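K.L.:
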Amino acid sequence: MTNAWMDLAVSSSGIGIGIGAAAVVVVGLLIGAFAFGSRQKRKESPPPRPEEQPRMPDEGPVHETRERREPDEMPRSDDRALPHELGHQGSRTAADQERPRWDEGSSGSFGSGGPGGR
Numbered sequence: 000m001t002n003a004w005m006d007l008a009v010s011s012s013g014i015g016i017g018i019g020a021a022a023v024v025v026v027g028l029l030i031g032a033f034a035f036g037s038r039q040k041r042k043e044s045p046p047p048r049p050e051e052q053p054r055m056p057d058e059g060p061v062h063e064t065r066e067r068r069e070p071d072e073m074p075r076s077d078d079r080a081l082p083h084e085l086g087h088q089g090s091r092t093a094a095d096q097e098r099p100r101w102d103e104g105s106s107g108s109f110g111s112g113g114p115g116g117r
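The sequence shown begins at 0 in numbering that gives the first Met the number 0 and counts up one residue at a time.
1) Which parts of the region 63–107 are runs of the alpha helix (DSSP H), unbroken and 4 residues or longer, counting only runs that do not cross its ends?
2) So which of Pro56, Pro70, Ile14, Ala22 has the shortest CA-CA distance to Gly89?
3) Would you say Arg65 and Ala93 are within 7 Å of each other, going by their C-beta atoms?
4) Can you give the Cα-Cα distance for Gly19 and Gln39, rounded to whole angstroms?
5) Grouping DSSP H, G and I as helix and E and B as strand, with all else coil, what is Val24?
6) Ignore the nearest five residues each way along the sequence and tell me which others in Arg98's own chain have a CB closer than 7 Å to its CB.
7) Roughly how many whole angstroms lie between the Cα atoms of Ala34 and Ala22?
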């Protein structure tokens with residue numbers, strides 16, 4: 000054997016020891032993370048019991064309400080109003096509750112209003 004083979008054998012055993020030590024460190028970190036997570040899980044409150052679960056109201060299920068809304072009037076003034084001066088602009092129920100529909104022959108949502116593919 001030449002000295003080059005011995006140098007290679009020594010350097011590769013050093014790499015093997017380094018990889019082994021890194022593997023031991025990684026396994027130790029994984030075990031520590033598992034132990035830490037288990038301790039955190041034990042500190043959490045338990046899940047609610049069946050009698051603590053939400054119940055349906057006596058009147059029955061609550062349904063979604065759909066209504067058309069329209070914005071409140073902008074305050075009239077001769078001075079320019081800045082956004083922070085307006086405050087919350089509310090809305091109210093619209094007088095007409097009919098859903099707006101596209102008129103036949105109108106532009107709809109695409110193009111310039113031409114006949115399209117008809």
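C-beta: ideal position from N, C-alpha, C; glycine also. These figures come from a predicted structure and were not determined experimentally.
P.N.:
Taking the coordinates as given:
1) Entirely contained in the region 63–107, the alpha helix (DSSP H) runs reaching 4 residues are, in chain order, 82–85.
2) Taking only the C-alpha atoms, the option nearest Gly89 is Pro70.
3) No, the Cβ-Cβ distance between Arg65 and Ala93 is not below 7 Å.
4) Computed Cα separation, rounded: 30 Å.
5) The answer is helix: DSSP assigns Val24 an H, G or I state.
6) So the list is empty, once near-sequence residues are dropped.
7) Ala34 and Ala22: Cα-Cα distance of roughly 18 Å.
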